[in-house]
Amino acid sequence: MGSRILKYLSVLALISAVTLGVLLVAAHLLVTPERIRDAVVPVLEQKLQRKIHLEAVDVSLFSGVTLTRLAVVDPHSNDLLVAADKVVLRYQLWPLLMQRVVFDEVRVEHPQVNIERLTDGRFNLAMNQEAIVLPVASASSLPATPSASDMDLLISDLVISRGEILFKDNTFGSPPHIYKMSEFDLRVGNLSFERQASVVFWGKFNGAPVDIEGTFSLRSQSFDLKVIADHLDLIPLQPYYRSWIDGRLDGLTLNSDVRIRGGKSTPLSLVGKLSLTDLDLLLNSMKDYPLQAKQIDLDLDVAVDRPGEKIQVTTFKADIDGIAMVAQGTVTGLMDVPALDLTVTTPKWELRRVVQQLPRVLSRQFINYDPAGSLDGEWKLVGPLSQGKALLQHGRLDLSAVQMTAGGRRPQIDGQLEIAGKQLDARDLAIRLGDNTLNLTVHSDHWQRPVPEFVVQVRGELFDVAAQSNGTVIRADEPTTGGTDSKGVSSPDRGNPGGFREQHEPGPVDLPVVVRGDLTLEQVVWEDVRVSGVRGDFALNGNVLDLQNVVGRLANGTFRVSTQIDLRRQGFVYQGHVDARDMDLDALVTQFSRQNSGVLTGTGRMQTDFKGAGTQWLRIQQNLSANGDYTIANGRMEGTALMKQLSSLINLPEFSVFRFQQGTGTFKLPTGGQLNYDSRFDGSRARLLSKGTVTFTKEIAATADIYLSPEVVNEMQPGERVKNLLVEKDGWGRVPLLISGRYDRPSLGYNLTVLGHKAAEKVTERLQGKLEEKAGSQAAESLAKPAAELINSALKGLLNPPSK
């Protein structure tokens, strides 16, 4: 476009020279402006191949020419191409005689230029169209003049005031894209084909102020300009850069204060500041994550080598709504295969601000975690842009006080990640949970895989566990004092006929990684429970966490746990096996309940298989199932609620302190929270057998049989008949009991059904003995059977009366 303007200026200078020549030749004649206009306009029309309208010409032989109401019209469509209220040319006369055109001033007032790009790419101002023959008055023909290329043109001062340029582009379809430069002023000093010229421009492009100041040279085709733009809307310019964006841009405004230098033989240099505001971009590869930013500030020092298709980035500083990034290096293959060789620094990224600037869909996923802390990184990107993650050849990321709320806890992470090609390493990575610290070592041989695999080592001196969670609301069948709103949140202001209380469950979790590693914790604390020497292996694959052979020491014994946790389900689903050996039961009970210290002693062993779901107590008791067995050696029960009730009921010291050599039992817990158990405790003076059910609400319904050794039976206070009623054939006495109520406050009573059967057996035996004495054994046997049935029926009616 600049070359076309120069052509017009050259032609304008030529016309001025022709005009001066005519004036000199016809100076002795009666020369009037009308005659000059009639002579010059046809020459202009022939040269420009356009129709020229000129209202008036004012000629001063020694000072200049003034053209009034100049208009250039397309001869085909009669559309106005160029117009000006006034064109003033102040020239020097004598240099014309030496083929030098020197203008002290060229002033164009209120020009209007209408530029149109046709559908085939040609411009309406182009002069390579088919020649149009326009009539030229032979009487007014002028002598041939030197061509513009032979002339030495100098314009000391070129001034355009109140200009307007309207550009229509039809190459992108209908309707045409329209752009307007309005209210512009242009001042060019020392314009020449041989010299460097200065330029000052001010105007409005599509309503946005634009200010340009600097120098340029026509001979070297170079320029050095400072460009200032204020709130320039880039959306109307989309057709010219749409091919560079794989998506849709709905908002972007530019503010600039840059220095642009370049030339035909020198790279294009861009130094200064750009500010992009109101970014709204949706990429086809990220349709669910629109990119939005209120303000992006760029501090640039880049050079573009167009022949070499290379960008040299000396400085590139970006600040995206307070998130800074710095880059240095080169970009090559701009028109073919773009490739990077950049060092990118991400200094002190504040996580809260980073999350705020993420696409809304992503930021909502982090809002409940409330991330905080800072990230400081340096990255080396090398290779074709199409390589994606493989561009990262080297990297470093420092984590400083990075915090995130999860599972009711707020861990803090400090440390450094290093990347070298496909390898990733994290050393001295520390995770702090309150006063607890876990040290991690992380390694990956190929972190760029779609599902990368990591090897992790976890080490810690002390880890305090406090099981809490946070997540989606579930309902509990327990009444609450308040109601709930439509979202299920408790509200004391409204009624709640059904009633429920809030519970929360984590998950589901979807992590596209594979993790394998081992765990070493010197001590684990959960309230008063202390576990030492925890060792184990773990693996996370397909969002299923496997804990294999986790061992430790608890209550002077050892345990081994293997479990699998499915993180893909809300609340998590788990199953596993526990094997505990050589447990000091007194130490174990004391750790779980200090007030019950000493109530149970001995050495215990237990193994169980379990399944379940949920992390909250409500979900656990609804879904947990288990079965297993246990043994206790050299045990003692003292001071338990059951022992106190037994001691009071039977009035024997054996049940103030119940000692046993061996205790065994099995249990089964189906889903629903009701534990079925069967236990036996054998001592030298007493035995305790119990079988029944216990619920998570502490309700118990069981039978218990107390067996007393012959020595203990003989020590009993009741009369001989009661002793005989209790004594078994082996000499041990049996006391059948029923247990009800709560297991922490049980109610004991005699099992009357068993006692009735026992009494019937004793009566039948005595009756049969008497009959044998009177009628003989054969007759006694036939008489004893119906008598026994009659006695059983009578006792059953007495001991178990029918309900009303």
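Under this note's numbering, the sequence shown has 188 at position 188, and the numbering climbs by one with no breaks.
The C-beta atom is built at its ideal place from N, Cα and C for all residues, glycine as well.
Query, Result
"Assigned exposure category for D185 - 16 Cβ within 10 Å defines buried", "exposed"
"Integer-rounded CB distance, given that T119 should sit under 8 Å from T171", "6 Å"
"Limits of the unbroken beta strand (DSSP E) element including R662", "The identity of residue 662 in the sequence shown is Gln, whereas the question assumes Arg. Looking at the DSSP string, the run of the beta strand (DSSP E) that includes Q662 is 657-669."
"Inter-residue spacing [alpha-carbon to alpha-carbon] between A263 and L67", "Checking the displayed sequence, the identity of residue 263 turns out to be Gly instead of Ala. Using only the alpha carbons, I get a separation of about 35 Å."
"V473, DSSP secondary structure in three states", "With a pLDDT of 37 at V473, under the threshold of 50, the modelled position of this residue cannot be trusted; read the value that follows with caution. V473: strand per DSSP, three-state reduction."
"Of the residues H446, A406, T405, the one placed nearest A420, counting alpha carbons only", "H446"
"Inter-residue Cα distance where the pair is Y289 and V525", "43 Å"
"Inter-residue Cα distance where the pair is A126 and H177", "19 Å"
"Cβ shell of I228 (< 6 Å), same chain only, five flanking positions each side left out", "D211, D257"
"A641, enclosing alpha helix (DSSP H) - first and last residue", "641-650"
"Close Cβ partners of V133 (< 7 Å) along its chain, the five nearest in sequence each way excluded", "Only weak support is given to the placement of V133: the predicted model assigns it a pLDDT of 42, under 50, and the question is left unresolved by the model."
"Per-residue burial, R50 [other beta carbons within 10 Å of its own, 16 or more giving buried]", "buried"
"V589 to V754 span [Cα, whole Å]", "34 Å"
"Identity of the residue in Q221, T608, F655, V513 nearest A539 by Cα", "V513"
"R69 classed as buried or exposed, judged by whether at least 16 other C-beta atoms fall within 10 angstroms", "exposed"
"Those runs of the beta strand (DSSP E) which lie wholly inside the region 595-645 and span at least 3 residues", "600-613, 625-638"
"Distance, E505 Cα to N470 Cα", "Annotation note: pLDDT 37 at N470 (below 50); position unreliable, coordinate value reported separately. For N470 and E505, the distance between alpha carbons rounds to 6 Å."
"Short Cβ contact (8 Å threshold) for V106 with I165", "no"
"Nearest candidate by alpha-carbon position, reference S684, set S593, G576, L708", "L708"
"Beta-carbon proximity of F572 to Q621, cut-off 8 Å", "no"
"Bounding residues of the beta strand (DSSP E) (the contiguous stretch that carries R90)", "80-91"
"R360, DSSP secondary structure in three states", "helix"
"M583 (DSSP reduced to helix, strand or coil)", "strand"
"Alpha carbon of L649 to alpha carbon of E522, nearest angstrom", "48 Å"
"Exposure of T335, with buried meaning 16 or more beta-carbon neighbours within 10 Å", "Before going on, a small fix: residue 335 reads as Met here, not Thr. Exposed: under 16 other Cβ atoms inside 10 Å."
"Backbone CA spacing between D586 and A633 [nearest angstrom]", "12 Å"
"Segment limits, beta strand (DSSP E) that includes P807", "Past the edges of the chain, shown from 1 to 804, lies residue 807, and the structure says nothing about it."
"Beta-carbon proximity of L89 to V65, cut-off 8 Å", "yes"
"Buried or exposed (CB count within 10 angstroms, at least 16 for buried), F223", "buried"
"Neighbour-count burial assignment, R687, 16 or more Cβ in a 10 Å radius", "buried"
"Integer Cβ distance of A641 from D744, believed to fall under 8 Å", "6 Å"
"Identity of the residue in W379, D319, L646 nearest L342 by Cα", "W379"
"Between the CA atoms of R459 and N439 - distance to the nearest angstrom", "5 Å"
"Length of the line joining the Cα atoms of Q295 and P359", "15 Å"
"Buried versus exposed call for V337 [16 or more other C-beta atoms within 10 Å across all chains shown]", "exposed"
"Beta strand (DSSP E) runs contained entirely in the region 375-447, provided each spans 3 or more residues", "392-403, 412-420, 423-433, 436-444"
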